[in-house]
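**Q** In my numbering, the protein residues as written are 810 to 1306.
Note that beta-carbon positions come from the ideal geometry of N, C-alpha and C, so glycine has one too.
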Ligand code: HEM
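1. Enumerate in chain order the residues of its own chain whose CB-to-CB distance from residue 841 is below 7 angstroms, with the five nearest sequence positions on each side excluded.
2. Compute the Euclidean distance between the alpha carbons of residue 980 and residue 1161, then round it to the nearest angstrom.
3. Could you tell me how far apart the beta carbons of residue 1364 and residue 1120 are, in whole angstroms, since I believe they sit closer than 8 angstroms?
4. What is the rounded straight-line gap between the Cα of residue 1174 and the Cα of residue 830?
5. Which partner residues does residue 1179 have in the DSSP bridge list?
6. Can you tell me which of 891, 843, 811, 875 puts its alpha carbon nearest to the alpha carbon of residue 1176?
7. Apart from the five residues on each side of it in sequence, which residues of its chain come closer than 6 angstroms, Cβ to Cβ, to residue 869?
8. Kindly provide the ranges of any alpha helix (DSSP H) runs that are 4 or more residues long and lie completely inside the region 1107-1143, ordered along the chain.
9. With hydrogens ignored, establish whether the beta-carbon of residue 817 is closer than 8 angstroms to any heavy atom of the ligand HEM.
10. Below 8 angstroms, how does it come out for the region 1176-1187 and the region 1199-1218: are there three or more Cβ pairs, yes or no?
11. Relative to the ligand HEM, is the shortest distance from any of its heavy atoms to the C-beta of residue 1251 smaller than 8 angstroms?
12. In chain order, what residues of the same chain have a beta carbon less than 6 angstroms from the beta carbon of residue 1265, not counting five sequence neighbours either side?
13. Return the CA-CA distance between residue 1109 and residue 822, expressed in angstroms with no decimal places.
14. Given a threshold of 16 other Cβ atoms within 10 Å of its Cβ, counted over all protein chains shown, does residue 1143 qualify as buried or as exposed?
15. If you draw a straight line from the C-alpha of residue 1166 to the C-alpha of residue 964, how long is it?
16. Cβ-heavy atom distance between residue 995 and the ligand HEM below 8 angstroms?
17. Could you give the first and the last residue of the continuous alpha helix (DSSP H) run that contains residue 864?
18. Taking DSSP's pairing of strands, which residues face residue 877 in a bridge?
19. Kindly indicate which residue of 948, 1016, 953, 1060 has the alpha-carbon position closest to the one of residue 997.
20. Please report the straight-line C-alpha distance between residue 1097 and residue 1269, rounded to a whole angstrom.
21. Using beta-carbon positions only, say whether residue 1112 and residue 1254 come within less than 9 angstroms of one another.
22. Pull up the distance between the alpha-carbon of residue 1030 and that of residue 1049, whole angstroms please.
23. Tell me which residues share the same chain as residue 1217 and place their Cβ nearer than 6 angstroms to its Cβ, disregarding the 5 neighbours each side in the sequence.
24. So does residue 1258 have its beta carbon nearer than 8 angstroms to some heavy atom of the ligand HEM?
25. Shorter than 8 angstroms, the distance from the beta carbon of residue 1112 to the closest heavy atom of the ligand HEM, or not?
26. Give the single residue among 828, 902, 991, 850 whose Cα lies nearest to the Cα of residue 1258.
27. Ignore the nearest five residues each way along the sequence and tell me which others in residue 801's own chain have a CB closer than 8 angstroms to its CB.
28. DSSP on residue 844, reduced to helix/strand/coil?
29. How far does the beta strand (DSSP E) with residue 1303 in it reach, from first residue to last?
30. For residue 894 and residue 913, what's the separation of their Cα atoms in angstroms?
31. Between the region 950-967 and the region 1138-1155, can you find at least three pairs of beta-carbon atoms closer than 8 angstroms?
32. What I want to know is whether the C-beta of residue 906 ends up closer than 8 angstroms to one or more non-hydrogen atoms of the ligand HEM.
33. Suppose the cutoff is 7 angstroms on Cβ atoms and the five residues either side in sequence are ignored; what does the same chain contact list for residue 986 look like?
34. Quick check: residue 872 and residue 845, are their CB atoms within less than 9 angstroms of each other?
35. I need the DSSP call for residue 1056, collapsed to helix, strand or coil.
36. Just checking, does the region 964-976 make contact with the region 926-935 on the three C-beta pairs under 8 angstroms criterion?
Below, the structure is given as structure tokens:
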């Protein structure tokens, strides 16, 4: 009797699963949306841990010449948007419907869950409103002393590594530099990774950079199946990092309270927000404040470091571009004489802007922008997506579409010259995202990269190392969600004097 009961329950379950699966499987076909049939378990996510998510997005763009493509995150339907006009509506015009990201880092890890990258409303709006004024150009000017000193240390570090005959691991050296710049500014801790290649803060960021099977799985869940993050006990920040952030925050808070501070850095701004929030009921806890400093570090050091890595690498392979940039910097140096490069001078270097833009076109660290629909939304005459559908604006796909960027594999900063800018179609270039959730650290990153590049290009000629892979053959981290190199990338630094 029990056996019969078991068999009939199992049969019912199998029939239910089968019926459910047939419904899931035909979801996009029923709506006449282009798609590839899903895997019965992984849906469209069969690439995970085998192929970088940015590379997969590029493939999904070129395989379908359609404004959008239906995919499945396991069994959940989601939409990739390949079209600049629809992308603009999602990110900007109808951003009140797409205010939230789909990704999430669970409840086990407050520092991972309360920062403005992962959090949603109401916390996101109140935090973002308070943090936005901190990242204006006028506020960031106060970082001049720090950026100037650190870019000199970077030059000296490379000079001494060259003298010692060491091969320079670009991503590591640049991440030493960006960890210092963002770590000092966000946490107020003077770490010295740029000179030494190590510091307590750098141990933490090195940990972030380590990609293995479990880290890959954790990031995959954060981005594509946030409900599983808590089930598996994944966290965005390793526990060691969270403990360290808290310790550092408390000690700097205490120091600035007793000694006062005129630093006007991100840490000062966060402490001010903490004080103000104590009088309100907005749920801005101490964890929520530490979470913002943590995301500035996490969101900023590797993105900026990898952008500097790819820029350096491409410049070594393109001496004509490097020469043009060098002459622009030399001209500036002649104008300012013995003075250090200043913020305003660097911002006005037109060709440097083009070089940075072109690097971020070819290598956007975050190749796609995720959102979730808060209510049913009409994509076009043929398709309305229901509330709760995740959407991905395929930035990296548009960046390499020859329709928008002719010869997309070519490193050609000239396409961003002011006289050519009209040729770039609106909303096809999105390295920092767009709309209310645009990267808050965009200017910070831009200034950091400018100080570093000015110092490097003025002092060294960059050449490819013998047998180094061409830029198009550089391997991208297979297990990664972010578009970062997997192996060591190096060039020859030849001192100019
Ligand atoms: C080259 C460097 C960088 C690139 C390419 C980059 C790119 C991005 C992108 C694409 C987004 C998502 C935008 C969207 O969904 O529309 C983002 C968000 C964010 N970035 Fe950056 N980023 C960089 C550097 C930085 C730096 C230096 C910081 C902090 C100091 C930072 C902090 C953040 C934060 C906090 C968010 C979440 C914003 C929100 O949801 O409100 N990023 N970044």
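**A** In this structure, then:
1. On the chain shown, position 32 is the one that residue 841 refers to. Correct list, in chain order: 1191.
2. Translated into positions along the chain shown, residue 980 becomes position 171. Translated into positions along the chain shown, residue 1161 becomes position 352. Using only the alpha carbons, I get a separation of about 20 angstroms.
3. Shown here, the chain extends from 810 to 1306; a query on residue 1364 therefore has no answer.
4. Mapped onto the chain shown, residue 1174 falls at position 365. Mapped onto the chain shown, residue 830 falls at position 21. If you take the alpha carbons of residue 1174 and residue 830, they lie about 35 angstroms apart.
5. If you number the chain shown from 1, residue 1179 lands on position 370. Residue 1179 pairs with 1201.
6. On the chain shown, residue 1176 is found 367 positions in, with the first residue counted as 1. Comparing Cα positions, the closest option is 891.
7. Taking the first residue of the chain shown as 1, we reach residue 869 at position 60. 878, 889, listed in sequence order.
8. none
9. The residue labelled residue 817 in the question sits at position 8 within the chain shown. Not so, every heavy atom of the ligand HEM lies at least 8 angstroms from the Cβ.
10. yes
11. Numbered from its first residue, the chain shown carries residue 1251 at position 442. Answer for residue 1251: yes, Cβ within range of the ligand HEM.
12. Along the chain shown, one-based indexing puts residue 1265 at 456. Correct list: empty, nothing qualifies.
13. Counting from 1 along the chain shown, the entry for residue 1109 is found at position 300. Counting from 1 along the chain shown, the entry for residue 822 is found at position 13. Cα to Cα, residue 1109 sits roughly 48 angstroms from residue 822.
14. Looking up residue 1143 in the chain shown gives position 334. So residue 1143 counts as exposed.
15. For the purposes of this step, residue 1166 is identified with residue 357 of the chain shown, where counting begins at 1. For the purposes of this step, residue 964 is identified with residue 155 of the chain shown, where counting begins at 1. Residue 1166 and residue 964: Cα-Cα distance of roughly 23 angstroms.
16. Within the chain shown, the letter at position 186 stands for residue 995. Answer for residue 995: yes, Cβ within range of the ligand HEM.
17. Against the chain shown, residue 864 aligns to sequence position 55. First-last of the alpha helix (DSSP H) with residue 864: 862-872.
18. Here residue 877 refers to the residue found at position 68 when the chain shown is read from its first residue. DSSP output for residue 877 lists 890 as bridge partner(s).
19. Taking the chain shown and counting its residues from 1, one reaches residue 997 at position 188. With distances taken between Cα atoms, residue 997 lies closest to 1060.
20. Here the question's residue 1097 lines up with position 288 in the chain shown. Here the question's residue 1269 lines up with position 460 in the chain shown. The straight-line gap from Cα to Cα measures roughly 42 angstroms.
21. For the purposes of this step, residue 1112 is taken as residue 303 along the chain shown, with counting starting at 1. For the purposes of this step, residue 1254 is taken as residue 445 along the chain shown, with counting starting at 1. Yes, the Cβ-Cβ distance between residue 1112 and residue 1254 is below 9 angstroms.
22. Your numbering for residue 1030 matches position 221 in the chain shown. Your numbering for residue 1049 matches position 240 in the chain shown. Looking at the two C-alpha atoms, the distance is approximately 20 angstroms.
23. Taking the chain shown and counting its residues from 1, one reaches residue 1217 at position 408. These residues qualify, in order along the chain: 1209, 1211.
24. To locate residue 1258, count along the chain shown from 1; it is residue 449. Checking every heavy atom of the ligand HEM against the Cβ of residue 1258, one is found closer than 8 angstroms.
25. Position 303 of the chain shown, counting from 1, holds the residue named residue 1112. Yes, since a heavy atom of the ligand HEM falls inside the 8 angstroms radius drawn around the Cβ of residue 1112.
26. Looking up residue 1258 in the chain shown gives position 449. Looking at the Cα atoms, 991 is the closest of the given residues.
27. An answer regarding residue 801 cannot be provided, because it is not within the stretch 810 to 1306 covered by the chain.
28. In the chain shown, residue 844 corresponds to position 35, counting from 1. Three-state result, residue 844: strand.
29. The residue labelled residue 1303 in the question sits at position 494 within the chain shown. Counting along the chain, the beta strand (DSSP E) containing residue 1303 begins and ends at 1301-1304.
30. Taking the chain shown and counting its residues from 1, the one referred to as residue 894 is at position 85. Taking the chain shown and counting its residues from 1, the one referred to as residue 913 is at position 104. Computed Cα separation, rounded: 27 angstroms.
31. yes
32. For the purposes of this step, residue 906 is identified with residue 97 of the chain shown, where counting begins at 1. No - the ligand HEM has no heavy atom lying nearer than 8 angstroms to the Cβ of residue 906.
33. By one-based count along the chain shown, residue 986 stands at place 177. Answer for residue 986: 959, 963, 1003, 1261, listed in chain order.
34. For the purposes of this step, residue 872 is taken as residue 63 along the chain shown, with counting starting at 1. For the purposes of this step, residue 845 is taken as residue 36 along the chain shown, with counting starting at 1. Cβ distance < 9 angstroms, so residue 872 and residue 845 count as in contact.
35. As a first step, residue 1056 must be located in the chain shown, where it is residue number 247. Three-state result, residue 1056: helix.
36. no
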